[in-house]
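Sequence positions in the sequence shown follow this note's numbering and run 2 to 615.
Virtual Cβ for every residue (Gly too), placed ideally from N, Cα, C.
Everything below concerns the one structure shown next.
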Amino acid sequence: MAKDDNHPRPSLQQALESLFGTVQGESASLISLPGGSRLFSTGDESDHIYLLRSGRLGVFRHDEDHDELSLIGIIKPGEPVGEMSLLAGTAHGFTVMALRDSDLLAMPREAFLTFVDSRPDLLLALSRKVIERVRRDIPAVTPNVFAFYAICDQPILPMVERVATQIRALGYRVAVLDKTFHGTSPDAFSNIETENDYVLHVAERHESHWRLLSSRQVDHVFLMADARERPDAIEVEGERSLLHRAPDLVLMYPSDQAKAHHAHGRTRAWLDQVRPTRWFHIYHDDIHDLGRLARIIAGHSVGIVFSGGGARAFSQIGAIQALREAHIPIDFVCGSSMGAILAATLAMQWDDAEIERRIRDAFVDSSPLDDITFPFLAMTGGRKVDERLEKHFADIQIEDMPLPYFCLSSNLTTGTLKVHKTGLLRQALRASISLPGVMPPVIEDGEVLVDGAVMRSFPATMMRNTHLGTVIGVDVTRARGVDPKALSVPKNLAGWFARGDWRRGPPIVSVMMRSATITTAADLAQSRAATDLLIIPEPAGVEIRDWKAYDLAVENGYQTTVATLAQLDSPVTTLRKKGVSVHPNIPAFTPDDSYVEMASQPPQKQGTRFGLFG
């Protein structure tokens with residue numbers, strides 16, 4: 002039947018507004034739901050249908066693995082709420098909460114069913130809406146309203162204004178709301194949000210009334226603290242009581258304080274009180290630090306992931322050089338095994354010369370694994386590694402590092418992966434590179450920790466959950482197994498010592514290193530798929546114990562990264578935002594040397610893929 006153009010079918014929103022408007026005061030009532038309040042929970046009886054008039058609601062699913070609610074959808078003004086379970090006659094399958102102060106119209110189930118008997122068009126439209134919501138993929142839900150709340154006396158509005166300027170430079174519309182917006186209605190807040198890409202709320206330390214209203218309108222909160230002060234436990238707890246979820250912490254430093262000496266270990270006291278999800282060290286007038294906050298808010302941040310791989314991980318130094326030459330910002334850093342050490346050099350913001358000097362001294366000029374001992378716990382004593390880590394990383398705490406950083410170790414006591422986000426950096430690195438049987442394990446809090454690559458060599462999925470921006474992976478995971486040539490037994494020990502081959506350790510070390518870090522094709526493919534830009538150096542002939550192959554590995558990493566970046570049509574910072582991934586067309590594992598030949602070819606651009614939650 003042809004569509005009657007003279008009588009177009011009303012939209013679902015128009016039909017619902019007409020229905021609710023007709024019966025308001027009779028069968029429909031107005032509900033005002035403060036931000037952070039629940040409309041209904043999973044398992045509740047479905048006894049009403051709702052129409053959102055202003056504000057915003059979030060749809061949450063219970064994550065059984067972490068025993069928490071995960072945001073999976075947004076309901077905007079004009080959309081129905083609760084129609085799926087009402088029509089099906091079942092209990093609610095999701096939890097719905099107010100993300101802003103929200104006004105809704107509510108109609109009891111019986112009244113609604115009575116009215117739709119005479120409005121089959123409305124029932125049809127609702128059914129279509131149900132089918133649409135069931136069929137569509139869960140969209141990536143990203144925050145767009147942020148709050149900056151001061152827990153210090155210094156004014157923060159000037160800094161937030163500079164962050165807003167940086168976000169505008171990325172091409173977005175931004176509104177900054179201060180205490181002058183106290184008393185704003187839900188409708189007005191909703192209009193401001195509609196007219197802008199991002200909204201930034203700002204409340205100074207003693208603006209408690211404005212902060213109370215603001216906290217009910219925002220998606221995410223940054224608590225702004227003076228890094229030179231110690232936290233006030235009572236004030237911090239009061240702040241947390243206003244928030245629906247854990248905040249981020251921004252520790253601010255005066256512009257005249259040297260970055261090399263920031264924090265002085267005071268970060269941990271703030272973390273213990275605030276218990277933030279993430280924390281950032283920001284200098285007032287540093288355009289790079291302010292730009293980092295802007296990228297984090299706008300989903301343009303860049304996180305880099307380094308895999309394990311022994312001496313092959315030197316390729317990651319070349320990748321660092323190429324990324325810096327291309328002026329690609331790095332905002333988050335992580336790694337596993339040897340990749341944890343290379344990631345730490347980046348998180349410390351060492352320049353290229355300092356990275357080379359320290360890594361050569363620690364690993365290249367002499368082998369870190371030549372203190373061979375009677376194998377009670379391991380083939381080596383680990384003394385040299387301990388001394389070199391202490392020399393180059395001293396007593397640096399992970400939480401004090403300029404860039405957010407984490408590394409991994411494998412907990413043999415609990416059989417779980419341990420994520421090191423705080424604590425003594427050199428101890429975390431020592432655990433992350435402690436190959437079972439090659440180096441003694443690390444004992445920490447009564448638990449036995451060994452190499453992170455035993456359980457996860459390439460933690461890209463974890464980085465993807467750390468932020469909303471691009472994930473770059475530099476993976477030197479060995480595609481093939483142990484080279485049989487590396488297992489040749491010396492004909493005589495005298496010649497073995499005379500040639501200096503003993504410094505690499507006996508052939509059994511290769512077997513143990515490879516056995517401890519072997520990765521299945523499925524695990525590797527899943528980790529690689531979590532990256533938006535994947536760089537796979539293949540330094541031909543470099544084995545995991547070839548510490549002297551530094552120059553070859555670095556050059557290969559540099560050239561591979563340059564070639565990969567040349568394939569991009571979009572800025573690296575926008576890849577995840579656009580849903581674009583660039584992966585070399587290389588399988589995870591191959592049975593022969595064809596992997597090396599394929600790795601030398603320019604990487605091919607892949608199509609878009611669904612973006613996971615950040």
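Could you give the DSSP three-state label for residue i: helix, strand or coil?
{"i": "Gln398", "result": "strand"}
{"i": "Asp619", "result": "Residue coverage of the chain in this structure runs from 2 to 615, which leaves residue 619 outside it and unanswerable."}
{"i": "Arg163", "result": "helix"}
{"i": "His63", "result": "strand"}
{"i": "Ser215", "result": "helix"}
{"i": "Leu31", "result": "strand"}
{"i": "Leu87", "result": "helix"}
{"i": "Pro78", "result": "coil"}
{"i": "Asp104", "result": "strand"}
{"i": "Phe95", "result": "coil"}
{"i": "Lys578", "result": "helix"}
{"i": "Leu40", "result": "strand"}
{"i": "Leu569", "result": "coil"}
{"i": "Trp244", "result": "Checking the displayed sequence, the identity of residue 244 turns out to be Leu instead of Trp. In the structure shown, Leu244 sits in coil (DSSP, three-state: anything other than H, G, I, E or B)."}
{"i": "Ala530", "result": "helix"}
{"i": "Arg427", "result": "helix"}
{"i": "Ser186", "result": "coil"}
{"i": "Val210", "result": "Note that residue 210 is His in the sequence shown here, rather than Val. In this structure, His210 counts as helix in the three-state DSSP scheme."}
{"i": "His393", "result": "helix"}
{"i": "Gln258", "result": "coil"}
{"i": "Ala589", "result": "Because Ala589 carries a pLDDT of 47, less than 50, the predicted location of this residue cannot be relied on, and the following value inherits that uncertainty. Reduced to three states, the DSSP call for Ala589 is coil."}
{"i": "His8", "result": "Confidence in His8 is poor, its pLDDT being 41 and thus under 50, which makes the residue's placement unreliable; the coordinate value appears in the next sentence. Coil at His8, not helix or strand."}
Does the Cβ of residue i have 16 or more other Cβ atoms within 10 Å, making it buried, or fewer, making it exposed?
{"i": "Ile283", "result": "buried"}
{"i": "Thr471", "result": "buried"}
{"i": "Ile444", "result": "exposed"}
{"i": "Gly172", "result": "exposed"}
{"i": "Asp118", "result": "exposed"}
{"i": "Thr532", "result": "buried"}
{"i": "Asp64", "result": "exposed"}
{"i": "His235", "result": "In the sequence as presented, His is not what sits at residue 235; that position holds Ile. Result: exposed."}
{"i": "Lys419", "result": "buried"}
{"i": "Glu46", "result": "exposed"}
{"i": "Gly184", "result": "exposed"}
{"i": "Ile270", "result": "According to the sequence shown, residue 270 is Ala rather than Ile. Exposed: under 16 other Cβ atoms inside 10 Å."}
{"i": "Glu111", "result": "exposed"}
{"i": "Ser186", "result": "exposed"}
{"i": "Thr346", "result": "buried"}
{"i": "His289", "result": "exposed"}
Taking the alpha carbon of residue i as the point to measure from, which residue in the options has its own alpha carbon closest?
{"i": "Phe364", "options": "Phe315, Met98, Glu208 and Leu436", "result": "Phe315"}
{"i": "Phe61", "options": "Gly37, Leu53, Glu46 and Glu80", "result": "Gly37"}
{"i": "Lys578", "options": "Val117, Gly300 and Glu196", "result": "Gly300"}
{"i": "Leu324", "options": "Val573, Thr181, Arg54 and Arg293", "result": "Val573"}
{"i": "Tyr406", "options": "Ser33, Tyr173, Ile342 and Met98", "result": "Ile342"}
{"i": "Pro109", "options": "Ile32, Gly74, Gln155 and Thr96", "result": "Ile32"}
{"i": "Thr268", "options": "Tyr199, Arg276, Asp401 and Gly239", "result": "Asp401"}
{"i": "Ser425", "options": "Met456, Leu390 and His93", "result": "Note that residue 425 is Leu in the sequence shown, not Ser. When only C-alpha atoms are compared, the closest one is Leu390."}
{"i": "Ala461", "options": "Val477, Gly383 and Arg529", "result": "Arg529"}
{"i": "Ile298", "options": "Asp452, Val175, Val555 and Ser209", "result": "Val175"}
{"i": "Glu230", "options": "Val386, Ala327, Leu114 and Leu252", "result": "Leu252"}
{"i": "Gly340", "options": "Trp280, Ile434 and Leu40", "result": "Ile434"}
{"i": "Arg241", "options": "Asp257, Asn412, Ser256 and Thr278", "result": "Thr278"}
{"i": "Ala327", "options": "Gly319, Val334 and Phe333", "result": "Gly319"}
Among all the DSSP beta bridges, which residues are the ones paired with residue i?
{"i": "Trp351", "result": "None; Trp351 has no bridge partner."}
{"i": "Gly304", "result": "Phe333 and Val472"}
{"i": "His202", "result": "Ala148 and Leu178"}
{"i": "Ser411", "result": "Leu418 and Val451"}
{"i": "Pro109", "result": "His49"}
{"i": "Ala226", "result": "Leu252"}
{"i": "Tyr406", "result": "Val334"}
{"i": "Leu70", "result": "His63"}
{"i": "His282", "result": "Leu252"}
{"i": "Ser55", "result": "Asp104"}
{"i": "Val117", "result": "Val117 pairs with nothing; no bridge assigned."}
Is residue i close to the ligand SAM? I mean its beta-carbon at under 7 Å from any heavy atom of the ligand.
{"i": "Pro441", "result": "No copy of the ligand SAM occurs in the structure displayed, which carries no ligand at all."}
Discussion item. As an exercise, report each continuous beta strand (DSSP E) stretch of at least 3 residues that is fully enclosed by the segment 432 to 477, in chain order.
Written reply: Those beta strand (DSSP E) runs which fall completely within the segment 432 to 477 and span 3+ residues are 443 to 445, 448 to 452 and 471 to 475.
Item to complete: Would you list, in sequence order, the uninterrupted alpha helix (DSSP H) runs of no fewer than 4 residues that lie entirely inside the segment 534 to 558?
Response: none
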